[in-house]
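Visitor:
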Amino acid sequence: MYFQGGNLFASASTLDRIEPQEPLPGFGLDLVEYDTAIYNGEAPQSRVAKLLSSGVSRYVDHSTGQYYASGATRVVESTTGKDLYHKTTVTLEKRGWLFTTTYVRESEWGTGEVWATTGTTPTAGTPHVYWAVK
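Each residue of the sequence shown is one higher than the last, beginning at 1 in the numbering used here.
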C-alpha cells in the first residue's frame, strides 16, 4: 500500500500502522509505503520472528532538489507477541534487471518501532525498508 503526493499524510490508520514522521525543516512528504518491508538477515528468517508492521517514506525539499527517506519496522515474537530486538534498514535505491544502485542507506537496532533515517541525496530513488534479527 502506498501514498504519493504533496504534503498530505495518509489518513487511514490502524492500530499497528507505522505513520510517517514529521519531515525535517524545508522538506515535504513525497511518498509513503506501508507493510512492504523485506527480510534481509544473514540467516534464514526465524519462525520465531514476525514482522508486525512497517512503513517507509520519502521526503523532498523542492527548493534544493534533495531527498531523504525515513522508515520503521516492528518485529515481535510470533507466539507471545513480545517485541524483539531487530534491525531496520532504510534506503533510497534504483532496482534494475541485474543490479541495484543504493543512493543512501541507514540502519538502526532496537525493540518496538525501530526508526532509521537516511542522509540526503539529489537522486529521488525508491524508498525501501528492510528488517533483520540476530
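Glycine included, each C-beta is placed from N, C-alpha and C at the ideal position. Small disclaimer: the values here were computed from a predicted structure and weren't measured.
Determine, using beta carbons only, whether THR123 and SER107 come nearer to each other than 8 angstroms.
Guide: Result no, Cβ atoms of THR123 and SER107 do not sit closer than 8 angstroms.
Visitor: ALA69 and SER57: beta carbons closer than 8 angstroms?
Guide: Yes, the pair counts as a contact, with Cβ atoms nearer than the cut-off.
Visitor: Ordered along the chain, which non-local residues of its own chain (more than five positions away) have a Cβ less than 6 angstroms from that of LEU52?
Guide: Excluding positions up to five away in sequence, the list reads ASP16, ARG74 and VAL76.
Visitor: Identify, in the order they occur along the chain, each residue of the same chain with its Cβ nearer than 7 angstroms to the Cβ of PRO23, setting aside the five sequence neighbours on each side.
Guide: Closer than 7 angstroms at the Cβ level, and outside the excluded window around PRO23, lie LEU29 and TYR59.
Visitor: Once you ignore the five residues that flank GLU93 on each side, which residues in its own chain have a CB closer than 7 angstroms to its CB?
Guide: Result list for GLU93: THR100, THR101, THR102, TYR103, GLY125, THR126 and HIS128, in chain order.
Visitor: Between GLN66 and the ligand ZN, is there a pair consisting of the residue's CB and a ligand heavy atom that are separated by less than 7 angstroms?
Guide: With respect to small molecules bound, the structure shown includes none, and the ligand ZN cannot be examined in it.
Visitor: Can you give me the Cβ contacts of THR118 inside the same chain, cut-off strictly under 8 angstroms, excluding the 5 residues immediately before and after it?
Guide: Correct list, in chain order: TYR68, ALA69, SER70, VAL90, THR91, LEU92, VAL104, ARG105 and GLU106.
Visitor: Quick one: using the 10 Å Cβ neighbour count with 16 as the cut-off for buried, is LEU31 buried or exposed?
Guide: Buried: at least 16 other Cβ atoms inside 10 Å.
Visitor: Considering only C-alpha positions, which residue in the set THR120, THR121, TRP97 and LEU84 is nearest to GLY110?
Guide: Of the candidates THR120, THR121, TRP97 and LEU84, the one whose C-alpha sits nearest the C-alpha of GLY110 is LEU84.
Visitor: Just checking my contact of GLY41 with VAL133 at CB under 8 angstroms: how many whole Å lie between their CB atoms?
Guide: So it is a contact: roughly 6 angstroms between Cβ atoms.
Visitor: Return the Cβ separation of MET78 and ALA49 in integer angstroms, given the expectation that the two are a contact with Cβ distance under 8 angstroms.
Guide: Correcting the residue identity first, residue 78 is Ser in this sequence and not Met. Yes, they are in contact, since the Cβ atoms of SER78 and ALA49 sit about 7 angstroms apart, within 8 angstroms.
Visitor: Taking the C-alpha atoms as reference points, what is the distance between GLN45 and GLN21?
Guide: Between GLN45 and GLN21, the C-alpha separation is close to 28 angstroms.
Visitor: What does a CB cutoff of less than 8 angstroms around THR121 pick up in its chain, not counting 5 residues either side in sequence?
Guide: The answer, listed in chain order, is GLN66, TYR67, TYR68, LEU92, TYR103 and VAL104.
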